[in-house]
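Colleague: These protein sequences, in sequence, are chains A and B.
The first sequence begins at 34 in the numbering used here and counts up by one.
The second sequence begins at 34 in the numbering used here and counts up by one.
Number of protein chains: 2
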Amino acid sequence: MTEIALIEAAALRLAGHVRQTPLLYAPLLDRIAGRRIFVKAECLQLTGSFKARGGWSAVSALPPQARTQGVIAYSSGNHAQGVAYAAARHGSPCVILMPSDAPQIKIANTRAYGAEVVLYDRSTADRDAIGADLSAARGLTLIKPYDDPQVIAGQGTVGLELAEQAANAGIDTADVLACCGGGGLTSGIALALASRAPGLTVRTAEPEGFDDMARSLASGTRQRNATATGSICDAILTPTPGDLTFPILSRLAGPGTVISDDQALRAMALAFTHLRIVLEPGGAAALAAALFAPDLPDTVIAIATGGNVDPSLFATTLERFA
Amino acid sequence: MTEIALIEAAALRLAGHVRQTPLLYAPLLDRIAGRRIFVKAECLQLTGSFKARGGWSAVSALPPQARTQGVIAYSSGNHAQGVAYAAARHGSPCVILMPSDAPQIKIANTRAYGAEVVLYDRSTADRDAIGADLSAARGLTLIKPYDDPQVIAGQGTVGLELAEQAANAGIDTADVLACCGGGGLTSGIALALASRAPGLTVRTAEPEGFDDMARSLASGTRQRNATATGSICDAILTPTPGDLTFPILSRLAGPGTVISDDQALRAMALAFTHLRIVLEPGGAAALAAALFAPDLPDTVIAIATGGNVDPSLFATTLERFA
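(1) Count the other CB atoms within 10 Å of the CB of Arg-284/B; is the residue buried (16 or more) or exposed (fewer)?
(2) Considering only residues of the same chain and omitting the five flanking positions on each side of Tyr-58/B, which have a CB-CB separation below 6 angstroms?
(3) Please say whether Arg-160/A and Leu-195/A have beta carbons closer to each other than 8 angstroms?
(4) When you compare only the Cα positions, how much space is there between Gly-124/A and Gly-81/A?
(5) Thinking C-beta only, is Gly-339/B closer than 8 angstroms to Thr-271/B?
(6) Starting from the C-beta of Ile-138/A, find all residues in its chain whose C-beta is less than 6 angstroms away, skip the five residues before and the five after it, and write them out in chain order.
(7) Does the Cβ-Cβ distance between Gly-187/A and Ala-43/A come in under 8 angstroms?
(8) According to DSSP, simplified to helix, strand and coil, what is Cys-266/A?
(9) If contact means a Cβ-Cβ distance below 8 angstroms, which residues of the segment 76–92 of chain B contact chain A?
(10) At least one CB of chain B closer than 8 angstroms to the CB of Leu-303/A: is that the case?
(11) Can you name, in chain order, every residue of its own chain whose Cβ lies under 8 angstroms from the Cβ of Ala-319/A, other than the five neighbours on each side?
(12) State the beta-bridge partners of Phe-71/A as determined by DSSP.
(13) Around the C-beta of Asp-331/A, are 16 or more other C-beta atoms found within 10 angstroms, so that it is buried, or is it exposed?
(14) How far does the alpha helix (DSSP H) with Tyr-107/B in it extend, from its first residue to its last?
(15) Using beta carbons (cut-off 8 angstroms, strictly below), is Arg-299/A in contact with chain D?
(16) Indicate the three-state DSSP secondary structure (helix, strand or coil) for Ala-238/A in the structure shown.
(17) Is the Cβ-Cβ distance between Ala-268/A and Asn-142/A less than 8 angstroms?
(18) Determine, using beta-carbon pairs with one atom in the segment 88–101 of chain B and one in the segment 111–120 of chain B, whether at least three such pairs fall under 8 angstroms.
(19) Flag this pair as yes or no: are the beta carbons of Ala-261/A and Gly-289/A separated by less than 8 angstroms?
(20) From Leu-39/B to Ala-302/B, what does the alpha carbon distance come to, in whole angstroms?
(21) Looking at Thr-80/A and the ligand ZN, is the gap between the Cβ and the nearest heavy atom below 7 angstroms?
(22) Have a look at Thr-157/B, Leu-324/B and Leu-224/B and flag the residue whose alpha-carbon is nearest the alpha-carbon of Gln-5/B.
(23) Cβ of Thr-101/B within 8 angstroms of Cβ of Glu-75/B?
(24) Give a yes or no on whether the C-beta atoms belonging to Gly-223/B and Ile-281/B are separated by under 8 angstroms.
(25) Which chain B residues are close to Leu-282/A, counting only those with a beta carbon under 7 angstroms from its beta carbon?
(26) Between the C-alpha atoms of Asn-258/B and Ser-264/B, what's the straight-line distance to the nearest angstrom?
(27) Hey, Gly-115/B and Ala-162/B are a contact pair by Cβ (cut 8 angstroms); roughly how many whole angstroms apart?
(28) What number of angstroms, rounded off, separates the C-alpha of Ser-220/A from the C-alpha of Gly-189/A?
(29) Residues of chain B with a CB under 7 angstroms from the CB of Thr-174/A: which are they?
(30) Expressed to the nearest angstrom, what Euclidean distance is found between the alpha-carbon atoms of Ala-200/A and Leu-167/A?
(31) Which same chain residues end up closer than 6 angstroms to Glu-36/A when comparing Cβ atoms and leaving out the 5 residues on each side of it in sequence?
(32) Suppose the cutoff is 7 angstroms on Cβ atoms and the five residues either side in sequence are ignored; what does the same chain contact list for Ala-355/B look like?
(33) Check whether the Cβ of Arg-309/B lies closer than 8 angstroms to any Cβ atom in chain A.
(34) For Gln-78/A, count neighbouring Cβ atoms within 10 angstroms of its own Cβ and tell me buried if that reaches 16, exposed if not.
(35) Bridge partners for Cys-127/B per DSSP, in chain order?
(36) Counting contacts by CB-CB distance shorter than 8 angstroms, is Glu-352/A in contact with chain B?
Now the structure itself:
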């Protein structure tokens, strides 16, 4: 199948199981930004992030035998919840490898969806090796967070919806900013928009120090981040662009944007006040870029990718920035 | 026109100017509640509450001359923003009477939409008299918060959307809980559902001590609250049911529900965690009833009416209840 056909097939499997998320805007937010900002609110997705799409797409695409044996995933929390939710609804056993410093709410919710959670130390352990061992021992299928065609296809359904919503809103040309970790969402959206709304240009949003994708896109070769931890944007701290995602983005994405942790927190506070949605730091990176990055066009669309944030961090953010 | 025809006409005037809000749900929230809860997220409406609907409906229904002369409204904050927004987009001058103890964010946003804000003391002043004087002096048309057929019709568009969304979700019978002040929203929804989804029964949700509608429905005659202030649910503290709204609700609504301030705050915290939406206390009353009221059916729909909340109150709520 072509890439757009994979996305269309995923959309059919997802229909009725994940939510079509709204495209929000607020006049007072536009005034602050000095441009028109539309926000695709994937924080309102089931499980609180777009990862429910990729999880559902991947689990639903498995052969029946593999689905019965079960799945395994590694994730700082949002992919974990997406896969756990999809696995539970498909009756599949599910093991999730999570870094021990993941937000408590993400660990608790992953367990609440029925998954077995195995914690590891993000700075010392090799999660790929642990995952491979567990997969082999129990006959589990590994659902990778981004380097999987069915995961990319599931995330690409965001792009299908956005193409239609943008057309309905009269938006022909715009930058589409997406919070970017390994690039699964961004590359899925890029493929969908290239086919359905070629006037919309995907660009990545990453935290300072974890801008591997922006540097890779600029240099034309995959770059690595110097460290694995150190930004508050836990959802999007991946070491390097994916094998599958980077070629797609090299071909289709515009230049990457980079935001500071404080800009992500400011974006969370502004989303609270003007859009009444809850964003986590990593899920606010694209909105932060839409608000604060230089050299943007008059109309931008930010993908607000997730809203699973510990209440104490959210409260502190409001006290500092709202 | 019949009442449903007024609502349908309002829906045509509102199309493209206010937002169709999503019907959200969360598996983990259902588990806590022990029933299926759907949430119509009017906090995601433009201006942060359903009041943008009634405001737009009323302003857009004015004769051209009246629209040019301008409008006036009195409101603790959400009707204020709804009318201010609608007036600004129609090019109408707008004066808003607000109680001096209204949340700062509501006062600031009302001004940001371009309205002239006049503050009064909620416990001593007669807002109706002040409003009448200002209307007469400047030739302004008073847009009442609930006792106006066009305002009720605008709020009723929530019911039109809900009837369609419930049908799509396979919901034939349910209690529909709505945060209730003067009853404009509740009566509008009641009229729409009676015509479009008669298996859905509207019920009011009010704070303890301000349950004038519940007592009025139970007794068959309009009751008054003993005091004007004293609940955190500022958006829905009205002295007595409306002249127009009470007869509608007497005919069409089920028994009213009553919630405590702490239950409203708990509902805000649960909406934060599981739905990733921002609610104000008065906007969370219906969700609180859906979670905590006795004698509810297996499926309930809560109208989350508003999300304009001061950040410090929201932060405190998360610290106490999330």
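Just so it is clear, CB atoms sit at the ideal spot from N, CA and C, and this is done for glycine as well.
A quick note: this is a predicted structure, and the numbers were derived from the prediction, not measured.
Modeller: Here's the rundown:
(1) One-based indexing of the second sequence puts residue 284/B at position 251. Counting Cβ neighbours within 10 Å, Arg-284/B comes out exposed, since fewer than 16 surround it.
(2) In the second sequence, residue 58/B corresponds to position 25, counting from 1. Answer for Tyr-58/B: Phe-71, listed in chain order.
(3) Position 162 of the first sequence, counted from the first residue, corresponds to residue 195/A. Position 127 of the first sequence, counted from the first residue, corresponds to residue 160/A. No; because the gap between Cβ atoms is not below 8 angstroms, this pair is not in contact.
(4) Here residue 124/A refers to the residue found at position 91 of the first sequence. Here residue 81/A refers to the residue found at position 48 of the first sequence. Straight-line Cα distance between these residues: approximately 21 angstroms.
(5) Numbered from its first residue, the second sequence carries residue 271/B at position 238. Numbered from its first residue, the second sequence carries residue 339/B at position 306. In this structure, Gly-339/B does not lie closer than 8 angstroms to Thr-271/B by Cβ.
(6) By one-based count along the first sequence, residue 138/A stands at place 105. Asn-341 and Asp-343.
(7) As a first step, residue 187/A must be located in the first sequence, where it is residue number 154. As a first step, residue 43/A must be located in the first sequence, where it is residue number 10. Contact: yes.
(8) Position 233 of the first sequence, counted from the first residue, corresponds to residue 266/A. Correct three-state label for Cys-266/A: coil.
(9) Cys-76, Leu-77, Leu-79 and Gly-81
(10) Translated into positions along the first sequence, residue 303/A becomes position 270. Chain B contact via Cβ: absent.
(11) Locating residue 319/A in the first sequence gives position 286, where the first residue counts as 1. Hits under 8 angstroms: Leu-210, Ala-211, Cys-212, Ala-238, Ala-335, Ile-336, Ala-337 and Thr-338.
(12) Taking the first sequence and counting its residues from 1, the one referred to as residue 71/A is at position 38. Note: Phe-71/A sits in a beta bridge opposite Ile-334/A.
(13) One-based indexing of the first sequence puts residue 331/A at position 298. Asp-331/A is exposed by the Cβ-count criterion.
(14) On the second sequence, residue 107/B is found 74 positions in, with the first residue counted as 1. First-last for Tyr-107/B: 104–107, but that is the beta strand (DSSP E), not the alpha helix (DSSP H).
(15) You won't find chain D in this structure, because its protein chains are A and B.
(16) Your numbering for residue 238/A matches position 205 in the first sequence. Here Ala-238/A sits in strand by DSSP.
(17) For the purposes of this step, residue 268/A is taken as residue 235 along the first sequence, with counting starting at 1. For the purposes of this step, residue 142/A is taken as residue 109 along the first sequence, with counting starting at 1. It is not a contact, given that the beta carbons lie outside the stated cut-off.
(18) yes
(19) Here residue 261/A refers to the residue found at position 228 of the first sequence. Here residue 289/A refers to the residue found at position 256 of the first sequence. No, the pair does not count as a contact, with Cβ atoms beyond the cut-off.
(20) Against the second sequence, residue 39/B aligns to sequence position 6. Against the second sequence, residue 302/B aligns to sequence position 269. Taking the straight line from one Cα to the other gives about 37 angstroms.
(21) The ligand ZN is absent from the structure shown, which contains no ligand whatsoever.
(22) Residue 5/B lies beyond the range of chain B shown here (34 to 355); nothing can be said about it.
(23) Within the second sequence, numbered from 1, the residue matching residue 101/B stands at position 68. Within the second sequence, numbered from 1, the residue matching residue 75/B stands at position 42. Taking 8 angstroms as the Cβ cut-off, Thr-101/B and Glu-75/B do not qualify as a contacting pair.
(24) In the second sequence, residue 223/B corresponds to position 190, counting from 1. In the second sequence, residue 281/B corresponds to position 248, counting from 1. Inspection of the sequence shows that residue 223/B is occupied by Ala rather than by Gly. Yes, Cβ-Cβ distance for Ala-223/B and Ile-281/B is below 8 angstroms.
(25) Taking the first sequence and counting its residues from 1, one reaches residue 282/A at position 249. Going along chain B, no residue has its Cβ under 7 angstroms from Leu-282/A, so there is no contact; the nearest lies around 27 angstroms.
(26) For the purposes of this step, residue 258/B is identified with residue 225 of the second sequence, where counting begins at 1. For the purposes of this step, residue 264/B is identified with residue 231 of the second sequence, where counting begins at 1. Each residue's Cα considered, the two are about 12 angstroms apart.
(27) Numbered from its first residue, the second sequence carries residue 115/B at position 82. Numbered from its first residue, the second sequence carries residue 162/B at position 129. No, Gly-115/B and Ala-162/B are not in contact; Cβ-Cβ is about 23 angstroms, not under 8 angstroms.
(28) As a working mapping, residue 220/A is identified with position 187 in the first sequence. As a working mapping, residue 189/A is identified with position 156 in the first sequence. Those two C-alpha atoms are separated by around 7 angstroms.
(29) Along the first sequence, read from residue 1 onward, the residue named residue 174/A stands at position 141. In chain order: nothing, as chain B lies at least about 23 angstroms away.
(30) The sequence position of residue 200/A within the first sequence is 167, counting from 1. The sequence position of residue 167/A within the first sequence is 134, counting from 1. For Ala-200/A and Leu-167/A, the distance between alpha carbons rounds to 45 angstroms.
(31) As a first step, residue 36/A is located in the first sequence; it is residue number 3 there, counting from the start. Closer than 6 angstroms at Cβ, skipping near neighbours: Leu-224.
(32) The sequence position of residue 355/B within the second sequence is 322, counting from 1. Answer for Ala-355/B: Ala-302, Phe-305 and Thr-306, listed in chain order.
(33) Within the second sequence, residue 309/B is the residue found at index 276, counting from 1. Yes, Arg-309/B counts as interfacial toward chain A.
(34) Numbered from its first residue, the first sequence carries residue 78/A at position 45. Result: buried.
(35) In the second sequence, counting from the first residue as 1, residue 127/B sits at position 94. Looking at the DSSP assignment, Cys-127/B forms a beta bridge with Val-104/B.
(36) For this step, residue 352/A is matched to residue 319 along the first sequence. Yes - at least one Cβ of chain B is within 8 angstroms of the one on Glu-352/A.
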